[in-house]
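Below: the structure, in structure tokens.
Number of protein chains: 2
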Amino acid sequence: MELDERKKTILKLIIATYLETGEPVGSRTISKFNDLNLSSATIRNEMADLEELGYIVQPHTSAGRIPTDKGYRFYVDNLMEEKEEAEVEKSTLLERVDRMELLLKQVAKVLAYNTNYATLVTAPNYRKTVKFIQLSKVDEATLLAVIVIEGNLIKNQIIPIDTILDNEDVLKFNILLNTFLQGASLEDINLEMINAMKKQSGEYSIILDQIFQGIIEAVHEANELEIYTSGATNILKYPEIGDISKTSELLEKFEDKEELSHLLEETTGNKDDSHDIQVYIGEENTVSNMEDCSIVTATYKMPEGATGTIGILGPKRMDYKKVVSTLKNLTIELDDIFNKRKGVNDDG
Amino acid sequence: MELDERKKTILKLIIATYLETGEPVGSRTISKFNDLNLSSATIRNEMADLEELGYIVQPHTSAGRIPTDKGYRFYVDNLMEEKEEAEVEKSTLLERVDRMELLLKQVAKVLAYNTNYATLVTAPNYRKTVKFIQLSKVDEATLLAVIVIEGNLIKNQIIPIDTILDNEDVLKFNILLNTFLQGASLEDINLEMINAMKKQSGEYSIILDQIFQGIIEAVHEANELEIYTSGATNILKYPEIGDISKTSELLEKFEDKEELSHLLEETTGNKDDSHDIQVYIGEENTVSNMEDCSIVTATYKMPEGATGTIGILGPKRMDYKKVVSTLKNLTIELDDIFNKRKGVNDDG
DNA sequence: TATTAGCACTCAAATCTTTTGAGTGCTAAC
DNA sequence: GTTAGCACTCAAAAGATTTGAGTGCTAATA
């Protein structure tokens, strides 16, 4: 059986009403919509069909209907038209920030504030290259290495050393490091490369080993997938997600970057949706404890084709319209910022 | 009426039992302790006295007794002897970290993990002086200022500039900045000082203004009271703290650094306790929504007399013994680290 | 005089019972 | 195909009952 127009209308009304109220929707409620002009009995018949088709379900015999995952899916794919107005207020919220890290933190925050859901943002998976390295003497026993990576990601690393270095030594090391590492991709920087570099330069000393060790650590850190989250406590606002213990587990999961990257991996696999917005409803994602949640992710693009993800985690009964349109606006804004930034760097 | 020994013993047993079970404690339970050899009737009489004195209270007529704030207070001050054993496992948990920021984050984390309460740690209020400043060219339009502060607190600041600088300029600025600012206290670095410095050096340019602006911002940031927290979700584990909405408010408060610094201010005012451990029980702290919580804070010391605070936020029914002893051990360890570090810096 | 056994009493919490009402499916009429 | 009507269902709310841990008081005891 295909869904005819009337069934679609009724399904849409049921889901929209349920999204608003959170209560199972009965036939009487739907029959009251003027433009429908159908009695509750007719609605009941239609509802029985919709239930048979798996779009809605009764929590118990004498209750109204609530959407199934399949119902939500159909709603998101076919029935929901997006809100377009909300654009005005949002565009002012993102301040220009020239450090990617701070920018993405802010994105997560703004989004959580706007939607009242938990949000997560990953840095783009761009090829991270070293802009430059700066080695400085902090005191007799300590060096500081600062590594600036394309996108102004900055890593500081304290390097304890055994030997006292004079400024000339430090300068020499600086030149050595930058000669070899400037422009190098972080993935390429490993022990072998550094060994090669040592050989080629003819330099060798224990100090150099210590310094390289520090650089490797910093590079390793910089190369880790960063995930920025915000609004975790919003999860508490939606009791349907579960009892305290379930919510608590979910919250802990949300604090665990490992788990989150796992989640994002899973939810950004297939890019079949328009505008790169992905909606994962209920059990469509297989992470445990999240079967009562939906996850909406959007992909933003950097000029060189690198992409990052913005995600929203909320209850299945989520305001999909708002979330999708907010995400769209935000990715557009982000694309914009990255492209403008690129422009500044190239032209100015 | 004064508390005689027997009353003290009984009060102690009541509170200790309540801390374990979380259930109101009845006379029968207490009378079963062998070394007491009293009937429940006698205990009842004593309990009636203790209630009249305000140390315990009945949640309802036919229930056992639970401690009042006054009861907890007496327990903490006079009845509780501390656990001393737990030391062994803890001392290995703190890795040596040479950046204060990372160290304090780790302290918060370790403490939360050990106690299952929410924890907060403030950086010490030491006189922050500039160790050195490093200005580097990121690209044509951008400088990076790195400020290293005593205690290896590192601040990075991106400074956009209008004019192209060559390396010589940057070097010149570096020397200028370090000549004037090395060893300066952050509080002293403000616009006036910088203006004076400009005058005295005879340097003047728009670039310098932009650089100084950036430095001032970074200094300002570095000078803010940093609070590191961990284990916020532990709050969810103690249902007695309140229903979801109350817990949620508490959690949000715990994410708000402003609020937390307010809280810490309040709870570290009077230092009358031994070993600088402060216990604030229930309504003893006046922050709203925290009347069902207790806060235990400890003060750690840096060599120059600067101090910082470690705090634990948990339910009134908290394992005070464990918390106090854990905090003591941790402050000792911290004192140790700071003193050793100082040693390294001075001697090696 | 302090302690205790005994007993009637209290009251929250657990359990069971009843009522309510929103909602359904089915049928017969339109 | 639509709808009015009606018997039926069942979760949730409200009410009634039972249970049991705990109390305070009194009178007997050491």
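Quick mapping for you: the protein sequence lines, in order, are chains D and W.
Each step along the first sequence adds one to the number in this note's numbering, with nothing skipped, and position 320 is 320.
In short: position in the second sequence from 1, add 1000, done, that's this note's numbering.
Every residue gets a Cβ at the ideal spot worked out from N, C-alpha and C, and that includes glycine.
What are the start and end residues of the beta strand (DSSP E) that includes residue i?
i                        : result
tyrosine 946 (chain W)   : Since the first residue shown for chain W is 1001 and the last is 1348, residue 946 (chain W) is missing from the structure and cannot be characterised.
asparagine 156 (chain D) : 153-160
Go ahead and label residue i buried or exposed: buried means 16 or more other beta carbons lie within 10 angstroms of its beta carbon, across all protein chains shown.
i                         : result
arginine 127 (chain D)    : exposed
glutamine 1278 (chain W)  : buried
glutamine 157 (chain D)   : buried
threonine 247 (chain D)   : buried
threonine 119 (chain D)   : buried
glutamine 182 (chain D)   : exposed
leucine 225 (chain D)     : exposed
alanine 1063 (chain W)    : exposed
glutamate 89 (chain D)    : Summary for glutamate 89 (chain D): the model assigns pLDDT 48, below 50, so the residue's position carries little reliability, and this model does not support an answer.
proline 1024 (chain W)    : buried
glycine 357 (chain D)     : Only positions 1 to 348 of chain D appear in the structure, and residue 357 (chain D) is not among them; the question remains open.
threonine 1331 (chain W)  : buried
glycine 1303 (chain W)    : It should be noted that the sequence gives proline, not glycine, for residue 1303 (chain W). So proline 1303 (chain W) counts as exposed.
leucine 104 (chain D)     : buried
isoleucine 1164 (chain W) : exposed
asparagine 1190 (chain W) : exposed
threonine 297 (chain D)   : buried
threonine 122 (chain D)   : buried
asparagine 329 (chain D)  : buried
isoleucine 56 (chain D)   : buried
glycine 151 (chain D)     : buried
arginine 6 (chain D)      : exposed
proline 206 (chain D)     : Looking at the sequence shown, residue 206 (chain D) is not proline but isoleucine. Counting Cβ neighbours within 10 Å, isoleucine 206 (chain D) comes out exposed, since fewer than 16 surround it.
arginine 28 (chain D)     : exposed
asparagine 339 (chain D)  : exposed
leucine 171 (chain D)     : exposed
Per the DSSP calculation, residue i is bridged to which residue(s)?
i                            : result
glycine 311 (chain D)        : D:Leu120 and D:Thr297
aspartate 1139 (chain W)     : W:Thr1142
tyrosine 228 (chain D)       : D:Val121
isoleucine 1014 (chain W)    : Paired residue(s): none; isoleucine 1014 (chain W) is not in a bridge.
phenylalanine 1132 (chain W) : W:Val1148
proline 1024 (chain W)       : DSSP output for proline 1024 (chain W) lists no bridge partner at all.
isoleucine 1189 (chain W)    : DSSP, once it has assigned bridges, lists no residue as partnering isoleucine 1189 (chain W).
proline 67 (chain D)         : D:Ile56
Along the chain, where does the alpha helix (DSSP H) containing residue i start, and where does it finish?
i                          : result
valine 148 (chain D)       : Segment 142-149 is the beta strand (DSSP E) holding valine 148 (chain D); no alpha helix (DSSP H) there.
glutamate 349 (chain D)    : Only positions 1 to 348 of chain D appear in the structure, and residue 349 (chain D) is not among them; the question remains open.
valine 287 (chain D)       : No alpha helix (DSSP H) holds valine 287 (chain D); DSSP gives it neither H nor E.
glycine 1214 (chain W)     : 1206-1223
alanine 112 (chain D)      : 100-115
phenylalanine 33 (chain D) : Careful: phenylalanine 33 (chain D) lies outside any alpha helix (DSSP H) and carries neither H nor E.
lysine 1316 (chain W)      : Lysine 1316 (chain W) -> no alpha helix (DSSP H), and no H or E assigned at all.
aspartate 169 (chain D)    : 167-181
serine 1261 (chain W)      : 1257-1267
Say yes only if the C-beta of residue i is nearer than 7 Å to one or more non-hydrogen atoms of the ligand PLP, and no if none qualify.
i                        : result
isoleucine 147 (chain D) : Only the bare structure without any ligand can be found here, which leaves the ligand PLP out of the picture.
Exercise. Between the stretch 1123-1138 of chain W and chain D, which residues of the former have a C-beta closer than 9 Å to a C-beta of the latter?
Worked result: Lys1131, Phe1132, Gln1134, Ser1136, Lys1137 and Val1138
Problem set entry | Chain-ordered residues of the stretch 1143-1160 of chain W with a beta carbon less than 8 Å from chain D | Of all residues in the stretch 1143-1160 of chain W, the ones placed with a Cβ closer than 8 Å to any Cβ belonging to chain D are Leu1144, Val1146, Val1148, Asn1152, Ile1154, Asn1156, Ile1158 and Pro1160, in chain order.
Exercise. Any residues in the stretch 1211-1243 of chain W with a beta carbon nearer than 8 Å to a beta carbon of chain D? Which ones, in chain order?
Worked result: Thr1233, Leu1236, Lys1237 and Pro1239
Exercise. Name the residues in the stretch 96-110 of chain D whose C-beta lies less than 7 Å from a C-beta of chain W; which are they?
Worked result: Flagged, chain order: Asp98 and Arg99.
Problem set entry | the stretch 1127-1139 of chain W touching the stretch 1172-1182 of chain W, judged by at least three CB pairs closer than 8 Å | yes
For this session: Can you give me, in chain order, the residues of the stretch 248-266 of chain D that have a beta carbon less than 8 Å from any beta carbon in chain W?
Result: Ser248, Leu251, Glu252 and Glu255
For this session: Please determine if the stretch 1198-1207 of chain W and the stretch 1226-1235 of chain W are in contact, where contact requires at least 3 C-beta pairs separated by less than 8 Å.
Result: no
Problem set entry | Given 8 Å, three or more beta-carbon pairs between the stretch 260-270 of chain D and the stretch 297-314 of chain D | yes
Problem set entry | Inter-stretch contact (C-beta, 8 Å, three-pair minimum) for the stretch 315-327 of chain D and the stretch 1033-1041 of chain W | They do not touch, by the three-pair rule.
For this session: Evaluate contact between the stretch 250-258 of chain D and the stretch 140-149 of chain D, counting only Cβ atoms and requiring at least three cross-stretch pairs below 8 Å.
Result: Short answer: they don't touch.
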